[in-house]
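Quick note: the sequence shown uses the UniProt record's numbering, first residue 1, plus one each step.
Ideal Cβ positions, reconstructed from N, Cα and C, are used throughout, including at glycine.
Structure, as structure tokens:
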Amino acid sequence: MISAQEARLAYRLIRTVEAELLQTLLRRLARWSQVRILDGSSSIRNGYRDESLRLPTVSFVHENISSHEIYTHCQEQGIICRNGFFLCTRYLATDLEFQDHPHGVFRVSLAHYNTPQEVQALCDTLESMPKWFG
């Protein structure tokens, strides 16, 4: 059995790994003006963004490519991902300004067992799509 201190350390290490993977993905997606990352307010504390509160899940829409096309392209490359509205109401979709995307958003979730190489492969796969750059 592990102690509470060891468990806290393990969770801190997991969050560190996940945060690094997440930042790699977010930085890469931020390069492209055609990509709009949907970011909830759950990572806001006292009016300031606290990245330590953010889960390593990223949802986005692309200006020129439907989420279903992105999903299909990634699935063909063996990348596990999803697309859709994920129980989101039309009101929230309107508030987050993706109501005009008939297939919802593209979503990928990272975890401590993912590798930097897998994040790189995801980004390379996205950027290999013909309409990715405009």
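query = Is it true that the CB of E18 sits closer than 8 Å to the CB of P56?
reply = In the sequence shown, the residue the question calls residue 56 occupies position 56. In the sequence shown, the residue the question calls residue 18 occupies position 18. It is a contact, given that the beta carbons lie within the stated cut-off.
ask   = What do you reckon, are the CB atoms on L26 and N114 nearer than 8 Å?
value = Here residue 26 refers to the residue found at position 26 when the sequence shown is read from its first residue. Here residue 114 refers to the residue found at position 114 when the sequence shown is read from its first residue. Contact: no.
query = With a CB to CB cut of under 7 Å and the five nearest residues on each side skipped, what residues in its chain are close to E69?
reply = Residue mapping note: residue 69 aligns to position 69 of the sequence shown, counting from 1. So the list is empty, once near-sequence residues are dropped.
ask   = How close, in whole Å, do the beta carbons of G134 and Q34 come, if the pair is a contact with beta carbons under 8 Å?
value = As a working mapping, residue 134 is identified with position 134 in the sequence shown. As a working mapping, residue 34 is identified with position 34 in the sequence shown. Rounded, the Cβ-Cβ distance is 6 Å, consistent with contact.
ask   = Going by beta carbon distance, what residues of the same chain come within less than 7 Å of T24, once the five residues before and after it are set aside?
value = Taking the first residue of the sequence shown as 1, we reach residue 24 at position 24. P116 and V119.
task = Report the rounded CA-to-CA distance for A30 versus E6, giving the unit in angstroms.
result = The residue you call residue 30 lines up with position 30 of the sequence shown. The residue you call residue 6 lines up with position 6 of the sequence shown. So the alpha carbons of these two residues sit roughly 36 Å apart.
message = Considering only DSSP beta bridges, list what L25 is partnered with.
response = The residue given as residue 25 occupies position 25 in the sequence shown. Looking at the DSSP assignment, L25 forms no beta bridge with any residue, so it has no partner.
task = Measure how close the beta-carbons of L122 and I65 come, nearest whole angstrom, since I'm counting them as under 8 Å.
result = The count along the sequence shown starts at 1 and reaches residue 122 at position 122. The count along the sequence shown starts at 1 and reaches residue 65 at position 65. Actually they are not in contact, since the Cβ atoms of L122 and I65 sit about 15 Å apart, beyond 8 Å.
ask   = Can you name, in chain order, every residue of its own chain whose Cβ lies under 8 Å from the Cβ of A111, other than the five neighbours on each side?
value = Against the sequence shown, residue 111 aligns to sequence position 111. Cβ within range, chain order: E18 and P56.
query = What number of angstroms, rounded off, separates the C-alpha of M129 from the C-alpha of Y71?
reply = Taking the first residue of the sequence shown as position 1, residue 129 is located at position 129. Taking the first residue of the sequence shown as position 1, residue 71 is located at position 71. C-alpha separation (whole angstroms): 11 Å.
ask   = Less than 8 Å separating the beta-carbons of I107 and V58?
value = The residue labelled residue 107 in the question sits at position 107 within the sequence shown. The residue labelled residue 58 in the question sits at position 58 within the sequence shown. In the sequence as displayed, the identity of residue 107 is Arg instead of Ile. Cβ atoms of R107 and V58: closer than 8 Å.
request  = Could you check if R54 is buried or exposed, using at least 16 other CB atoms within 10 Å of its CB as the buried criterion?
outcome  = Working through the sequence shown from its first residue, we reach residue 54 at position 54. With 16 or more Cβ atoms within 10 Å of its Cβ, R54 is classed as buried.
ask   = DSSP three-state call for S9: helix, strand or coil?
value = Indexing the sequence shown from 1 puts residue 9 at position 9. The question names Ser, but residue 9 in the sequence shown is Leu. In the structure shown, the three-state DSSP call for L9 is helix.
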